[in-house]
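Here the structure comes first, spelled out in structure tokens, and everything after it is commentary.
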Amino acid sequence: MNIMSQEKLEEAVSGGMTAKPNEVIKMQGRKVGVFYGDKQALFDVDLDVRQNQVTALIGPSGCGKSTFLRCLNRMNDTIDSARVTGKITLDGEDVYDPKIDVVELRARVGMVFQKPNPFPKSIYENVAYGPKIHGLAKNKAELDQIVESSLKKAALWNEAKDRLNEPGTGLSGGQQQRLCIARAIAVSPEVILMDEPCSALDPIATAKVEELIDELKQNYTIVIVTHSMQQAARVSQRTAMFHLGYLVEEGATDKMFTNPDDKRTQDYITGRFG
Amino acid sequence: MPMIYFLAIVLAIGVAAYIIGRGRAAAQTGGAQKQHSRPHYHGWWAFMLAALPALLLIIVWSVGSSLYMERHVEAQLPEQTADSPIASRSLALGMVKSLANALRRLDAQALDNLPATFAELQPALAAKGAALAPDTQDYMIPIATEANSTSDTLRLTGGVLALALALGGAALGIRSIQPRARARNNVERVVLWGLLGSSMIAILTTVGIVLSMLFETFHFFSVVPPAGFFFGTVWDPRFAAAGATDSAGQFGLIPLLAGTLYIALVALLVAVPVGLMSAVYMAEYASRSVRSVVKPALELLAGIPTIVYGIFALVTLGPFLRDLSAALAGGSPFIQAQSIFTAGFVMGIMLIPVVSSLSDDIITAVPRAMRDGSLGLGATRSETIKRVILPAALPGIVGAILLTASRAIGETMIVVLAAGVAANLTLNPFEAMTTITVKIVNQLTGDLEFNSPQTLVAFALGITLFAVTLVMNIVALYIVRKYREQYE
Ligand SMILES: Nc1ncnc2c1ncn2[C@@H]1O[C@H](COP(=O)(O)OP(=O)(O)OP(=O)(O)O)[C@@H](O)[C@H]1O
Ligand SMILES: [Mg+2]
Numbered sequence: 001m002n003i004m005s006q007e008k009l010e011e012a013v014s015g016g017m018t019a020k021p022n023e024v025i026k027m028q029g030r031k032v033g034v035f036y037g038d039k040q041a042l043f044d045v046d047l048d049v050r051q052n053q054v055t056a057l058i059g060p061s062g063c064g065k066s067t068f069l070r071c072l073n074r075m076n077d078t079i080d081s082a083r084v085t086g087k088i089t090l091d092g093e094d095v096y097d098p099k100i101d102v103v104e105l106r107a108r109v110g111m112v113f114q115k116p117n118p119f120p121k122s123i124y125e126n127v128a129y130g131p132k133i134h135g136l137a138k139n140k141a142e143l144d145q146i147v148e149s150s151l152k153k154a155a156l157w158n159e160a161k162d163r164l165n166e167p168g169t170g171l172s173g174g175q176q177q178r179l180c181i182a183r184a185i186a187v188s189p190e191v192i193l194m195d196e197p198c199s200a201l202d203p204i205a206t207a208k209v210e211e212l213i214d215e216l217k218q219n220y221t222i223v224i225v226t227h228s229m230q231q232a233a234r235v236s237q238r239t240a241m242f243h244l245g246y247l248v249e250e251g252a253t254d255k256m257f258t259n260p261d262d263k264r265t266q267d268y269i270t271g272r273f274g
Numbered sequence: 001m002p003m004i005y006f007l008a009i010v011l012a013i014g015v016a017a018y019i020i021g022r023g024r025a026a027a028q029t030g031g032a033q034k035q036h037s038r039p040h041y042h043g044w045w046a047f048m049l050a051a052l053p054a055l056l057l058i059i060v061w062s063v064g065s066s067l068y069m070e071r072h073v074e075a076q077l078p079e080q081t082a083d084s085p086i087a088s089r090s091l092a093l094g095m096v097k098s099l100a101n102a103l104r105r106l107d108a109q110a111l112d113n114l115p116a117t118f119a120e121l122q123p124a125l126a127a128k129g130a131a132l133a134p135d136t137q138d139y140m141i142p143i144a145t146e147a148n149s150t151s152d153t154l155r156l157t158g159g160v161l162a163l164a165l166a167l168g169g170a171a172l173g174i175r176s177i178q179p180r181a182r183a184r185n186n187v188e189r190v191v192l193w194g195l196l197g198s199s200m201i202a203i204l205t206t207v208g209i210v211l212s213m214l215f216e217t218f219h220f221f222s223v224v225p226p227a228g229f230f231f232g233t234v235w236d237p238r239f240a241a242a243g244a245t246d247s248a249g250q251f252g253l254i255p256l257l258a259g260t261l262y263i264a265l266v267a268l269l270v271a272v273p274v275g276l277m278s279a280v281y282m283a284e285y286a287s288r289s290v291r292s293v294v295k296p297a298l299e300l301l302a303g304i305p306t307i308v309y310g311i312f313a314l315v316t317l318g319p320f321l322r323d324l325s326a327a328l329a330g331g332s333p334f335i336q337a338q339s340i341f342t343a344g345f346v347m348g349i350m351l352i353p354v355v356s357s358l359s360d361d362i363i364t365a366v367p368r369a370m371r372d373g374s375l376g377l378g379a380t381r382s383e384t385i386k387r388v389i390l391p392a393a394l395p396g397i398v399g400a401i402l403l404t405a406s407r408a409i410g411e412t413m414i415v416v417l418a419a420g421v422a423a424n425l426t427l428n429p430f431e432a433m434t435t436i437t438v439k440i441v442n443q444l445t446g447d448l449e450f451n452s453p454q455t456l457v458a459f460a461l462g463i464t465l466f467a468v469t470l471v472m473n474i475v476a477l478y479i480v481r482k483y484r485e486q487y488e
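In the order they appear, the protein sequences are chains A and B. Position one of the first sequence corresponds to residue 1 (the UniProt record's numbering), numbered consecutively onward. Position one of the second sequence corresponds to residue 1 (the UniProt record's numbering), numbered consecutively onward.
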């Protein structure tokens with residue numbers, strides 16, 4: 001595993017990416033293209049996702065951020081008309097390899113959606129859903145343990161511990177989103193993909209989720225789509241800028257926000273278009 | 001002048017009020033004050049003020065005057081005595097009414113010199129196509145003539161009143177148009193009442209049906225003890241010639257109720273699993289091209305009249321099963337040509353499209369976000385269906401099954417042809433049995449005396465059927481409440 005990531009690291013460096021030696025590349029996209037029917041929505045995207053870091057995807061609406069994100073755990077498979085080209089790897093393994101089990105992939109690369117979508121079940125059942133499906137708990141006590149620790153990690157435990165049997169849909173929007181994060185954490189994924197997780201939340205709930213993301217990166221690798229420049233600057237270490245289906249520029253967040261190479265990035269960040 | 005003309009004039013006044021009102025309101029726009037309502041609301045409000053009270057008056061007046069006429073005529077009829085030529089007063093009343101109607105066909109000249117006896121009058125009426133009872137009495141002729149003229153006067157008065165009301169309403173509506181008048185709120189309130197009224201019609205009709213059935217049922221229970229009906233295990237109503245007194249018979253409900261539930265159960269055992277699975281396949285797995293063929297085909301199946309299924313059971317499936325069982329048992333068949341199984345099975349086939357079509361719609365209505373959420377956690381498609389989609393769709397699916405069950409319980413034709421009309425009580429699904437609906441039809445067809453228990457039992461059976469479906473609905477509602485998983 002170490003040797004493999006070393007190889008990838010070199011590959012990344014030779015590809016022009018600036019990776020510090022202690023950074024491990026968790027997922028990698030090469031020449032990723034996506035077609036919806038005949039229409040191409042994503043063109044030749046080369047992007048690395050580093051382990052235990054937060055990678056932010058930014059860019060104007062319709063530029064293909066969600067599309068790229070959904071490639072990473074093959075959620076695009078659920079759209080009949082979508083077709084993916086190029087290569088995406090997770091720990092060096094091609095995720096579009098026919099030998100790969102999509103179900104297993106999605107357990108390793110979890111997803112939190114833009115709109116909170118708790119199941120119409122109790123809070124407990126929402127969090128326990130993934131572990132039950134994947135058989136992660138041998139007995140009820142273990143399951144309880146997983147639910148509790150996931151809710152704690154998602155900073156929802158204090159609010160939810162007295163109402164675990166109430167429906168998840170009865171929570172507020174921000175609580176629901178944290179419930180969805182807890183649900184994703186409960187299956188112990190390696191990577192968590194978040195598609196505008198705060199777009200339905202108020203500033204306080206947003207701050208909580210951002211704080212949470214910052215903590216989560218110690219154990220997980222995170223890719224987040226956001227429309228908020230402040231959010232990208234606050235939570236991410238790397239930022240990738242998309243425009244019209246192309247990856248315009250990718251780099252360390254500090255650099256992207258202070259001294260971007262591309263004029264389009266500068267314009268977008270300073271709010272001149274988009 | 002018949003009431004229908006007044007009705008048309010009232011409506012015409014209403015339309016005129018609408019046009020004038022809208023024009024007037026439109027002319028006021030752009031003034032110093034901002035209009036509260038758009039001009040067409042003012043028009044509608046004027047229409048309503050003109051037409052609705054007048055229409056209401058016409059309806060009430062019509063009903064009232066026909067009630068009045070009835071009493072008015074009845075008061076003129078001679079006292080009923082033992083040797084009256086007509087058996088009863090209500091019969092005489094009916095004769096006067098038909099005579100009055102027939103007289104309206106004659107022209108003015110003929111009416112002016114009416115003959116004094118019915119024997120002379122009859123040919124003239126018969127020539128106009130009016131057939132009257134031959135024992136219509138002479139004394140009825142002046143009563144009928146008088147009744148006609150009274151009701152004409154009444155109608156004319158009512159019509160004129162309605163017209164006056166319509167004109168007054170229209171004037172009021174048009175005069176009240178000012179920029180700040182709240183025509184929109186008024187119109188919407190009237191519409192609201194209209195909607196409320198429409199929904200009341202369904203409820204009141206149901207109540208009316210139940211009450212009338214209850215009434216006949218009590219009548220039945222005054223002849224046959226309720227215990228004998230509800231707990232009796234023998235159905236043998238013994239049709240007797242009208243008027244015979246020794247025709248008690250036995251009216252045991254149990255065999256019929258058991259047959260009804262048994263056949264419905266078999267039908268549901270066939271229809272629900274197959275229908276639900278085909279719905280899941282169509283909603284979740286089928287490609288668009290497969291779906292575009294299978295769904296219409298299934299719906300076509302739903303359109304076949306049940307009698308056709310019955311014929312299929314009677315002619316094809318029943319004999320086939322009998323011969324098959326004979327071959328299996330080596331000699332005597334253990335499946336009758338008419339059996340619960342045959343009827344239930346065919347009924348189940350008939351109900352598959354009902355279950356699948358309804359469930360398909362319900363499953364497709366579960367939001368995509370639910371599917372994505374589950375798939376995104378690494379659940380397979382079938383896990384997603386089992387654990388997220390079906391629970392979310394459960395209330396709807398229970399509703400669909402319930403609807404199916406009521407159809408199974410209410411089905412008659414298939415049962416008659418496939419399970420027979422013999423009221424047996426058995427647990428063997430390969431024997432003949434029959435249902436409540438079949439017996440209701442049975443009891444009400446043929447030449448019967450309406451007041452005999454043999455006929456009245458049909459109402460008791462109907463009420464029982466109603467109660468059974470009601471209980472089923474309540475149970476299902478309870479289940480849905482308890483297990484529902486609400487999604488937004
Ligand atoms: N299911 C789909 N079918 C067809 N076209 C699609 C589909 N989903 C996305 N697209 C198209 O692909 C392009 C990229 O869409 P995508 O959702 O990735 O944009 P985005 O960057 O996430 O935008 P936003 O910030 O508004 O969420 C758009 O032009 C969109 O119209
Ligand atoms: Mg998006």
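A virtual CB, placed ideally from N, CA and C, is assigned to each residue, including glycine.
Item                                                                                                                                                            : Value
Where do the ends of the beta strand (DSSP E) carrying A/Phe242 lie?                                                                                            : Arg238 to His243
Is B/His40 a contact residue of ligand 1, with contact defined as CB to any heavy atom under 7 Å?                                                               : no
What whole-angstrom Cβ distance do B/Ile414 and B/Tyr309 have, given they're in contact under 8 Å?                                                              : 5 Å
Heavy atom of ligand 2 less than 7 Å from the Cβ of B/Asp372, yes or no?                                                                                        : no
Residues of chain B with a CB under 8 Å from the CB of A/Thr78: which are they?                                                                                 : Arg371, Asp372 and Leu375
Which one of A/Phe113, A/Ile269, A/Leu247 and A/Pro131 has the shortest CA to CA distance from A/Asp254?                                                        : A/Ile269
Could you give the distance in angstroms between the alpha-carbon of A/Gly16 and the alpha-carbon of A/Gly130?                                                  : Because the pLDDT at A/Gly16 is just 41, under 50, the model does not fix this residue reliably, and the value given afterwards should be weighed accordingly. Looking at the two C-alpha atoms, the distance is approximately 38 Å.
Threshold first: 3 residues or longer. Then list the beta strand (DSSP E) segments lying entirely within the stretch 121-196 of chain A, N to C.                : 191-195
Less than 7 Å between the CB of A/Val34 and some heavy atom of ligand 2, yes or no?                                                                             : no
From B/Leu265, B/Ala181 and B/Arg155, pick the residue whose C-alpha is nearest to that of B/Tyr68; which is it?                                                : B/Arg155
Taking 7 Å as the cut-off, is the beta-carbon of A/Lys115 closer than that to any non-hydrogen atom of ligand 3?                                                : The model depicted lacks ligand 3 and carries ligand 1 and ligand 2 instead.
Using only alpha-carbon positions, find the residue among B/Ala110, B/Glu74 and B/His42 that is nearest to B/Gln178.                                            : B/His42
Would you call the CB atoms of A/Met168 and A/Ile204 closer than 8 Å?                                                                                           : This sequence places Gly at residue 168 of chain A; Met is not what is there. Taking 8 Å as the Cβ cut-off, A/Gly168 and A/Ile204 do not qualify as a contacting pair.
When the Cβ atoms of the stretch 143-157 of chain A are set against those of the stretch 389-401 of chain B, are three or more pairs found closer than 8 Å?     : no
Compute the Euclidean distance between the alpha carbons of B/Ala405 and B/Leu268, then round it to the nearest angstrom.                                       : 7 Å
Taking its Cβ as the centre, do 16 or more other Cβ atoms sit within 10 Å of B/Lys295, making it buried, or is it exposed?                                      : buried
Just list the residues that DSSP pairs A/Leu90 with in beta bridges.                                                                                            : A/Met27 and A/Glu93
Is the beta carbon of B/Leu271 sitting closer than 8 Å to the one on B/Gly348?                                                                                  : Note on residue identity: the sequence assigns Ala, not Leu, to residue 271 of chain B. It is a contact, given that the beta carbons lie within the stated cut-off.
Quick one: residues with CB closer than 5 Å to any heavy atom of ligand 1, in chain order, please.                                                              : A/Tyr36, A/Ala41, A/Ser61, A/Gly62, A/Cys63, A/Gly64, A/Lys65, A/Ser66, A/Thr67 and A/Ile79
Mind reading off the beta-carbon distance from A/Gln114 to A/Glu210? Whole number of angstroms is fine, and I expect it under 8 Å.                              : At roughly 16 Å, the Cβ-Cβ gap does not stay under 8 Å, so A/Gln114 and A/Glu210 are not in contact.
Only counting the same chain, and skipping five residues up and downstream in sequence, which positions put a Cβ closer than 6 Å to that of B/Ala147?           : Val73 and Ala100
Using a cut-off of 8 Å between C-beta atoms, extract the partners of A/Ala184 located in chain B.                                                               : Gly376 and Leu377
Could you please tell me which residues of the stretch 170-199 of chain A, in chain order, have their CB closer than 8 Å to any CB of chain B?                  : Cys180, Arg183, Ala184 and Val187
Name the chain A residues that come within less than 7 Å of B/Val388, Cβ to Cβ?                                                                                 : Phe119
When the distance is taken between beta carbons, is B/Ile409 closer than 8 Å to B/Leu444?                                                                       : no
Leaving out five residues on either side along the sequence, give the residues of the same chain with a beta carbon under 7 Å from the beta carbon of B/Phe220. : Pro453, Leu456, Val457, Phe459 and Ala460
Quick check on the DSSP output: the alpha helix (DSSP H) that includes A/Leu57 runs from which residue to which?                                                : Per DSSP, A/Leu57 belongs to no alpha helix (DSSP H); it is in the beta strand (DSSP E), Val54 to Ile58.
Candidates A/Leu244, A/Tyr246, A/Arg272 and A/Ser236: which alpha carbon is nearest A/Met256's?                                                                 : A/Ser236
For the alpha helix (DSSP H) that B/Phe430 lies in, which residues bound it at each end?                                                                        : Neither: B/Phe430 is in no alpha helix (DSSP H) and is coded neither H nor E.
Closest Cβ-Cβ distance between B/Thr364 and chain A: below 8 Å?                                                                                                 : no
Tell me, please, which residues DSSP counts as bridged to B/Ala327.                                                                                             : In DSSP, B/Ala327 forms no bridge with anything.
In or out: B/Phe231 buried (at least 16 other Cβ within 10 Å) or exposed?                                                                                       : exposed
At a Cβ threshold of 8 Å, is B/Glu383 touching chain A?                                                                                                         : yes
Which whole runs of the beta strand (DSSP E) in the stretch 108-155 of chain B are 3 residues long or more, in chain order?                                     : none
Quick one: list the residues of chain A neighbouring B/Ala392, beta-carbon separation under 7 Å, in chain order.                                                : Pro120
Just to check my reading of the structure: B/Thr434 and B/Ala418 have Cβ atoms closer than 8 Å, yes? What is that Cβ distance to the nearest angstrom?          : Between B/Ala418 and B/Thr434 the Cβ distance is about 11 Å, and since that is not below 8 Å, they are no contact.
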